[in-house]
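Counting in this note's numbering, the first sequence runs from 2 upward without gaps.
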Amino acid sequence: MTNEAQQPNVVDTLAARGYLAQSTDLEAVREMLSKPGVRFYIGFDPTADSLHVGHFIQMMILAHLQRAGHVPIALLGGGTGMIGDPSGRSDLRTVMTRETVQNNVNRFRKQMSILVDFSPGKAFIVDNADWLLNLNYVDFLRDVGAHFSVNRMLTAEAYKIRMESGLTFLEFNYMIMQAYDFYRLYLDYDCKLQLGGNDQWSNIIAGVELIRRKTGKNDAQGLTTNLLLNSEGNKMGKTARGAVWLDEEKFSVYDFYQYWRNVADADVINCLKLLTFVPLDEIEAYAALEDQAINEAKKRLALEITTIVHGEAKAKAAERQAIEIFEQGGRSDDMVTTEVTAEALAAGLSLLDILLETGLVPSKSEGRRMVQQGGVTVNDTSISDVYYTLDAKDAPNGEIILRRGKKKYHRLLIVE
RNA sequence: GGGGGAGUUCCCGAGUGGCCAAAGGGGGCAGACUGUAAAUCUGUUAUCAGUGAUUUCGAUGGUUCGAAUCCGUCCUCCCCCA
């Protein structure tokens with residue numbers, strides 16, 4: 002037994018935190034990972050210009066394994082992104098241009114660095130465009146396509162769903178592409194393990210089987226992790242307006258913090274395990290909390306994950322803002338603010354116009370509805386008059402705090 | 001290639017000449033209740049303006065006093081047969 006062996010096997014760590022879903026051979030994976038320096042890969046398709054929470058959990062896996070001494074290969078799907086993975090989707094992905102894909106690849110690389118150390122030898126970033134884009138169709142079919150049974154492919158869960166709504170030949174090829182990726186990494190990087198979300202299961206085993214058929218060796222393994230689901234079985238990380246992005250330009254730090262601060266009671270513990278590095282015994286303590294006290298767990302979760310993604314300073318600021326707003330009277334210097342001149346205020350500002358201008362409502366109709374339903378407050382006083390006009394008396398302290406609903410705030414700062 | 005069917009407001013899905021800005025459900029938003037939770041109940045859910053106007057039912061032309069609804073053309077998708 003070496004020193005490393007005294008550390009718990011990373012597979013057990015992952016299992017204990019609840020990451021693991023399916024594996025080709027869990028014991029073989031454990032054995033493989035018992036010695037450091039194992040190269041493994043996870044693929045990320047550059048379908049947008051930022052990673053989101055769904056990717057984050059995979060980044061956590063990369064980080065856990067890297068900390069255990071292994072070497073992550075983050076495969077960016079510059080090539081497969083040109084196809085679009087039908088797994089877990091009921092609709093056709095939009096086909097992206099080469100430029101868009103490349104741009105997204107570059108941004109992913111940057112974002113992933115927050116959790117993964119990409120210094121030389123520690124980890125690799127590869128782009129499958131490098132080998133997929135120049136494949137010769139006929140050669141590829143003979144070389145790779147011959148090893149796939151369509152009958153078998155069609156039984157994959159990912160395709161079954163699409164049998165109803167339609168599946169293009171383009172997307173049907175995705176699995177083969179991904180299998181080929183694994184094969185290439187196996188040959189060129191000595192990569193014997195592929196990880197991924199559980200929706201990637203059929204794609205992963207396709208790769209494992211391709212390697213076995215091509216090389217005659219049986220040492221490639223696959224492992225999938227649970228998707229981040231809430232207690233109702235829906236994917237987390239979605240809001241009405243779309244994904245919870247890691248890019249603060251697309252999703253503000255405060256909103257990011259608030260997203261986690263507001264998770265359902267039933268989901269906090271799971272999120273702490275999967276999305277933070279908080280030790281399991283501490284999480285156990287949080288799990289014992291009941292009722293209101295559960296808020297402590299949510300605060301910890303929000304602070305931890307926001308710190309990982311945006312850094313400590315910004316996370317602390319978001320936390321402070323939340324405390325000021327929700328626990329200390331409903332105002333904060335860090336609130337989203339719009340400046341208004343004293344002159345303009347003196348002349349009178351239509352509340353409805355301001356609501357629209359500050360983005361608290363998307364249209365005047367919506368604003369009208371909101372006001373009529375009592376959902377708008379000015380300095381904590383509910384206003385039900387659609388024609389209410391703001392003037393100097395509303396800004397005794399040089400500012401006006403507007404609130405829409407319970408949680409959306411906006412500050413008007415009066416300037417000369 | 002032949003035959004049949006479908007494209008409706010954020011999503012699903014009703015609607016087959018005026019009573020349709022369009023049923024119902026989901027989702028969203030707001031209110032009540034709460035713990036910045038969940039569940040529940042209520043309201044609301046195109047836009048602009050004060051009760052009227054404008055844009056909307058795949059695209060585009062047409063018929064009609066009037067079209068989501070009828071006709072022509074085009075696009076997309078699904079099913080059956082080959």
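We treat Cβ as the ideally placed atom computed from N, Cα and C, and that holds for glycine.
- The beta carbon of D26 lies closer than 7 Å to those of Q222 in the same chain, with the five residues before and after it left out.
- When the Cα atoms are used, V54 and N398 turn out to be separated by approximately 39 Å.
- Linking Y410 to C272 through their CA atoms gives a straight-line distance of about 26 Å.
- CA-to-CA, the gap between S35 and N10 works out to about 6 Å.
- In this structure, the straight-line span from the alpha carbon of G80 to that of N105 is close to 12 Å.
- Taking 8 Å as the upper bound for CB-CB distance, I58 and T226 are in contact here, some 7 Å apart.
- In this structure, A17 lies away from I43, with their beta-carbon atoms at least 8 Å apart.
- Following the DSSP letters along the chain, one finds R369 inside the alpha helix (DSSP H) bounded by residues 365 to 373.
- In this structure, the beta-carbon distance from L224 to L350 does not fall below 8 Å.
- Counting C-beta pairs closer than 8 Å gives three or more between the region 186 to 198 and the region 207 to 217, which meets the contact rule.
- Between V379 and L403, the C-beta spacing is below 8 Å.
- The beta carbon of G330 sits closer than 6 Å to no other beta carbon from its chain once the five residues preceding and following it are set aside.
- DSSP lists L414 as the beta-bridge partner residues of E340.
- Within its own chain, the residues whose Cβ lies closer than 6 Å to the Cβ of R369, once the five positions on either side in sequence are excluded, are V387, listed in chain order.
- Cβ contact annotation for S385 (same chain, cutoff 7 Å, sequence separation greater than five): V372, Q373, G375, in chain order.
- In the DSSP assignment, the residues bridged to K409 are R405.
- Counting the other CB atoms within 10 Å of its CB gives F41 a total of 16 or more, which places it among the buried residues.
- Here H71 is not bridged, per DSSP, to any residue.
- The alpha carbon of T338 has as its nearest neighbour, out of F173, I415, I306, the alpha carbon of I415.
- Apart from the 5 residues on each side of it in sequence, V72 sits with its Cβ closer than 8 Å to the Cβ of G38, V39, R40, F41, G122, K123, A124, F125 in its chain, given in chain order.
- Judged by DSSP secondary structure, Q329 falls outside any alpha helix (DSSP H); it is assigned neither H nor E.
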